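Protein chains in written order, with the working numbering: chain C, 2 to 366; chain E, 2 to 366; chain P, 2 to 366; chain Y, 2 to 366.
4 protein chains.
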Amino acid sequence: MAHADAQNARIPVAVLGATGTIGQRLVALLATHPWFELVRVAASERNVGRPYAEAVRWHIGSDVPDAARALPIMPLEAGPDLPVRVAFSALPAAEAERCEPAFARAGVYVFSNASAYRMQPDVPLIVPEINPAHLAALATQRAARSWPGALVTNPNCSAIGLTLALAPLARFGLRRVLVTTMQSASGAGYPGVPSLDLIDNVVPYIDGEEGKLESESRKILGAWTGDAFEDAPVRLSAQCTRVPVREGHLECVSVELEQRVEADEMVAAWADFAGEPQRLRLPSAPLHPVIYRDELDRPQPVLDRLAGDGMTVTVGRLRPCGVLDYKFVCLSHNTIRGAAGAALLNAELAYARGLLGAENRSAPA
Amino acid sequence: MAHADAQNARIPVAVLGATGTIGQRLVALLATHPWFELVRVAASERNVGRPYAEAVRWHIGSDVPDAARALPIMPLEAGPDLPVRVAFSALPAAEAERCEPAFARAGVYVFSNASAYRMQPDVPLIVPEINPAHLAALATQRAARSWPGALVTNPNCSAIGLTLALAPLARFGLRRVLVTTMQSASGAGYPGVPSLDLIDNVVPYIDGEEGKLESESRKILGAWTGDAFEDAPVRLSAQCTRVPVREGHLECVSVELEQRVEADEMVAAWADFAGEPQRLRLPSAPLHPVIYRDELDRPQPVLDRLAGDGMTVTVGRLRPCGVLDYKFVCLSHNTIRGAAGAALLNAELAYARGLLGAENRSAPA
Amino acid sequence: MAHADAQNARIPVAVLGATGTIGQRLVALLATHPWFELVRVAASERNVGRPYAEAVRWHIGSDVPDAARALPIMPLEAGPDLPVRVAFSALPAAEAERCEPAFARAGVYVFSNASAYRMQPDVPLIVPEINPAHLAALATQRAARSWPGALVTNPNCSAIGLTLALAPLARFGLRRVLVTTMQSASGAGYPGVPSLDLIDNVVPYIDGEEGKLESESRKILGAWTGDAFEDAPVRLSAQCTRVPVREGHLECVSVELEQRVEADEMVAAWADFAGEPQRLRLPSAPLHPVIYRDELDRPQPVLDRLAGDGMTVTVGRLRPCGVLDYKFVCLSHNTIRGAAGAALLNAELAYARGLLGAENRSAPA
Amino acid sequence: MAHADAQNARIPVAVLGATGTIGQRLVALLATHPWFELVRVAASERNVGRPYAEAVRWHIGSDVPDAARALPIMPLEAGPDLPVRVAFSALPAAEAERCEPAFARAGVYVFSNASAYRMQPDVPLIVPEINPAHLAALATQRAARSWPGALVTNPNCSAIGLTLALAPLARFGLRRVLVTTMQSASGAGYPGVPSLDLIDNVVPYIDGEEGKLESESRKILGAWTGDAFEDAPVRLSAQCTRVPVREGHLECVSVELEQRVEADEMVAAWADFAGEPQRLRLPSAPLHPVIYRDELDRPQPVLDRLAGDGMTVTVGRLRPCGVLDYKFVCLSHNTIRGAAGAALLNAELAYARGLLGAENRSAPA
């Protein structure tokens, strides 16, 4: 593939919901992206017309990227003169539900981090290393909905980390999975969780999260049969908590497998795991989607969340479980691999597969 | 029982390891105790001779109790002229291993929070609401070891909370239990966990903790057969983590039961649970050893750890588990119910049962 | 004074803004108050009619007091049939501005924690140990405004701690004061400060706070001349920051005094300081409004905020200042001494002075 | 200067105290350094002989740099066969006092972050943008001590941030400075501050820190007269506190100036500030040693500490002070600009000035 000169003619893209926490991450990741060029930022009405740098309350260190500073906030409308055929959606669920189909109808390929359509029967829920084949559902989707564009979703932040840790074990037969999450504050956006809830405290409840983690994981690990998604037959149960951490979801997992395996086979399965993003050398793909650390006390959010520039899931502490077969701990960066980077990687996969339409495909090559 | 006038002639007691975090809690709880009077504080060599208020770096709010301020730190030795027949041990495991038998040999009833002897075949590991009958092992212990005194232990802080949440469910048959703990910094004592490990971080490892939680829980929920302890047949698996919380261990639990029960039967089992401490109205016994809260987001450390003055375990979020039968969350105050208050309640139980010897028994009545 | 039998006929009181952080503190403090009985809770429209225990999201540990649980939320209106002549206001400034005069007009003595009227020329801004004489302004206020009731305010949380630390030094002549505050999250109410602003962070800005701290302190330390408040001639400059602490405002202070004094004279001035609340033994008055601690590293929020049940200011670290004369650190509990307890103590002072009207004055005696 | 091909023959350097927090930062910064090559790591006895990657408990994210992993820990001895003429010292003060002269005596140029010799009359205490002329003292030092090597120190972490914020104002005449610091946990190393001291807490005391901040700042802002250091005549007073932040010291400063200046002149002074590191384009020099931010609530540790890769001090909130002339807030990364990066920049300056000896000077050019 000839991506090297893509710089010369990058694909114009938009970010919907650009002022929120995930929108900011997208803006930051796009600032130096070799294939995509951010040309439009859209957000809710009250900010429309203001330059992005003024409208945003920037949270992710240092400054708004120069290329985005002056972009005027546009309304969340998919008018006929849209300058993009690719949009990343970091909208809240309710707004996503309303806006995303309008963009798809206007010919835009929407890569959405929102939960609104993830479980729809014709909407692929993609983790590119795990289920790239689910993109085949787009043909069905576009036909059924008469969309010139399309809608591709990425999972909830806690489901991405879990499924990337589980997918390499699928060869051993995943039978049952119990997971307790310790999720960071950024997962709730900004203002999000009040500080009085997280100073000297843990909140053992995140609205709707356990259901999403369970159902999305089964869809991701499942199959596209040609006309429907079939859940993986794994039984999953989650307890989700919020801890005083800025970024990084830690998950304590117990698994029951169909086959008897040794611990070192599992470690090898993680270490060897790779998928299309690695084969296609997608710009946001980490060298290793999963790494296993031997130290007794890893992974830890503050030490491991930026592994692979935030795109690698770190696994550790594999040991036998007295109730199921094995237990281990995994960690993923919830706003990079778990959100903004996930949407971006999905778009890169779609582009590399030639799914973004002829106009775009020719552009960067 | 005629404890009311106990004030007049309280039983003299010692605290071993009085300057540590748990030692301080013991000193604080004893300051206003109706039956026991703190007359001796012992600690490691370097502090011997200094007044307690000078030797201690007080951590638990406000000030060292007046009655303890001037007590001189004594060495950890059980000389012949000991002024006490009851001692509370808050020693580190290695020191406990060395010192506690010497005190028992000198005729002292040692109520220990240390892990050194908890799993010994003749040492009772007591949670008074759960297994007061295990005190019967003391006869065996004292005979076998020729001790005029005795050694009674209380469990690890994470095991106390878990077993108090599980014991009321024992009637339904406990088959399998998976637990992930989020433990507070005070559980590691002082200086304990460095702040660089807990600012913006969670550490998914506590040395030796998972093994203790699993094995101690089985002993506590098990039986004393007359000459041995028999573990409860429950299968248990734990993952233990350290979170940025001062006090209060939160535990996410999944259970499999032998009987089919409705959630409200479980809630009723918790609400109705009481034991000897409640029947005997022991001074440190909470009205309810376990309470169940209906709110979606409880228990939380900062809101619930002081329930029942830190002696009540709070349970919440009971719901079906997709892998085992039910899942729920429980919380206990790790340095009160999980340590200092536990040792104290054990001593109160022993006293009320007349086990502390004639001299003492007559004193406070 | 014969307050002992006040229990029999306590004065009925209301809390305006009862569901907020400070409202909750007031409800908690009133639950066991010997003179006042909470009979009415008022809050914003959306909660009207709901029982207090349902409408409130309780933040301050354990549970809503039993006596308040069933009280229905009433609207913030001062109708003719008000069952109270005393109300505590924990309203936000904008609502306070609108509602408080209406209550005063309806004959209610309003003890307000809101900032809306603090700096009005006829509204006393009281710290009872410092400027009880300012209550004399009420006569002017009631006459000028034709109010059968009255309005008494307490200062901003950071000003109360500072002025209580400064007032004992006033005898040495306060010339210049520089203060940097480290204020807790609870000072911003709930939801207040987002956790992403306080995990691993300090925010060196609190909207409007520096101005309030400077101007209110001068008014409190000043005089009521008979027809106007005269600011104390001290020069004050403040820098206010928000730190990851739940409760307790820490302040680093440098002072320049007119007289040359020794450090021990200043320590003695703090230790000996007392005022009308102590002389009158008001129920919420701490034995010592200010205590000085000798330890090198005190005061600290977690260790000292509950001194005197949260009503005592702790001072420490007095030492020469290379720029002004002396520097020291002080700490106060911002939602007790700095807000709810402050309003309560003001009401107790007014009652003890016979200012609450004949009907009330006779009631509890 | 022809540094471009320095890569080919980098100067071999050692890190003394390589396993500590600052030692780790040095190892990380040296991993990609264009002039210096880390060839030796030294640490205390108990680690000698172990590969660096095993001996270190790595704290600063991701992993030990590959180039350093296998380096064996060497003892802290300056034998005759030392392979380096440049060493960075991150030793604790007591060890530094013992070891550093031995290395200088062995011909090594020691760039030390330790406090042991900072205030010695012949030891330069350098912030390269402020007082590069102080390096002239090395001639005196080497002559007087008969050292073939030399000792150059960098200031305490809190003094570097303050002096970089003050130096641009020196043209207006610095008369008096009051500063309150909010210092991060990493400033105390590892294990450093116990988490029980920083969860929900601030500690208003750091042993020895206030004296260092005051005296070092006067030395840095002062002059080398040719045979002695002369303190700047500014009066300085500091209050130092520890806050629950990982990295980044925030300082609230009030200044009195000899000249009357407008705020925008001060902002311009900061914005225009540059020094030899910028003129010489030293590898670790930030483009701007100081930046001023206009936002009301900046600088903040989590947002601004990595400005200029951690080498830029961020200033904000300039406004008139009611006691002195102006007040403002500044922030610096305490383990980069305040420690490891400071030592490194000092060495770069010395090298660029040709002070590291002929052998070395020729090497990278």
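In this text, a Cβ means the ideal position worked out from N, Cα and C, and glycines have one as well. Here the structure is a predicted model, which means the values were calculated and not measured.
Beta-carbon gap between residue i and residue j smaller than 7 Å
i, j, result
"Ile-221/P", "Thr-164/P", "yes"
"Tyr-293/C", "Ala-270/C", "no"
"Cys-253/Y", "Gln-240/P", "yes"
"Arg-306/C", "Gly-249/C", "yes"
"Val-314/P", "Cys-331/P", "yes"
"Ala-19/P", "Ala-54/P", "no"
"Ser-367/C", "Val-246/C", "For chain C, the structure presents residues 2 to 366; residue 367/C sits outside this window and is missing."
"Glu-277/E", "Pro-84/E", "no"
"Leu-199/E", "Ser-196/Y", "yes"
"Leu-281/E", "Ala-348/E", "no"
"Val-14/C", "Leu-39/C", "yes"
CB-CB length for residue i against residue j, believed under 8 Å
i, j, result
"Leu-350/E", "Val-203/C", "About 32 Å; that fails the 8 Å criterion."
"Gly-317/P", "His-334/P", "Contact flag wrong, Cβ pair sits at about 15 Å."
"Arg-26/E", "Thr-242/E", "Not really, about 23 Å apart at Cβ, beyond 8 Å."
"Val-57/Y", "Ala-88/Y", "Rounded, the Cβ-Cβ distance is 18 Å, inconsistent with contact."
Contacts around residue i, its chain only, beta-carbon distance under 7 Å, and the 5 residues preceding and following it disregarded
i, result
"Tyr-118/C", "Glu-101, Val-124, Leu-152, Thr-154"
"Gln-260/E", "Phe-173, Gly-174"
"His-60/P", "Thr-22, Gln-25, Tyr-191"
Status (buried if at least 16 other CB within 10 Å, exposed otherwise) for residue i
i, result
"Ala-341/C", "buried"
"Ser-147/P", "exposed"
"Ala-168/E", "buried"
"Gly-80/C", "exposed"
"Leu-283/Y", "buried"
"Arg-219/P", "buried"
"Thr-22/P", "buried"
"Pro-290/C", "buried"
Own chain residues within Cβ distance below 6 Å of residue i, not counting five before or after
i, result
"Ser-255/P", "Leu-179, Cys-322, Leu-325, Lys-328"
"Pro-76/E", "Val-49"
"Ala-137/E", "Trp-225"
"Gly-384/E", "Because chain E in this structure spans residues 2 to 366, residue 384/E falls outside the shown range and cannot be described."
Simplified DSSP assignment, three categories, for residue i
i, result
"Trp-225/P", "strand"
"Gln-184/E", "strand"
"Glu-257/Y", "strand"
"His-135/Y", "helix"
"Val-303/P", "helix"
"Arg-57/E", "According to the sequence displayed, residue 57/E carries Val and not Arg. Here Val-57/E sits in coil by DSSP."
"Cys-317/Y", "Sequence inspection shows Gly at residue 317/Y; the Cys mentioned does not correspond to that position. Note: Gly-317/Y maps to strand in three-state DSSP."
"Ile-127/Y", "coil"
"Ala-79/Y", "coil"
"Leu-350/P", "helix"
"Ile-23/E", "helix"
"Arg-99/P", "helix"
"Thr-33/Y", "coil"
"Glu-217/E", "helix"
CB contact check: residue i to chain B, cutoff 7 Å
i, result
"Gly-193/P", "Among the protein chains in the structure shown, which are C, E, P and Y, there is no chain B."
Contacts around residue i, its chain only, beta-carbon distance under 8 Å, and the 5 residues preceding and following it disregarded
i, result
"Ala-71/C", "Pro-52, Tyr-53, Ala-54"
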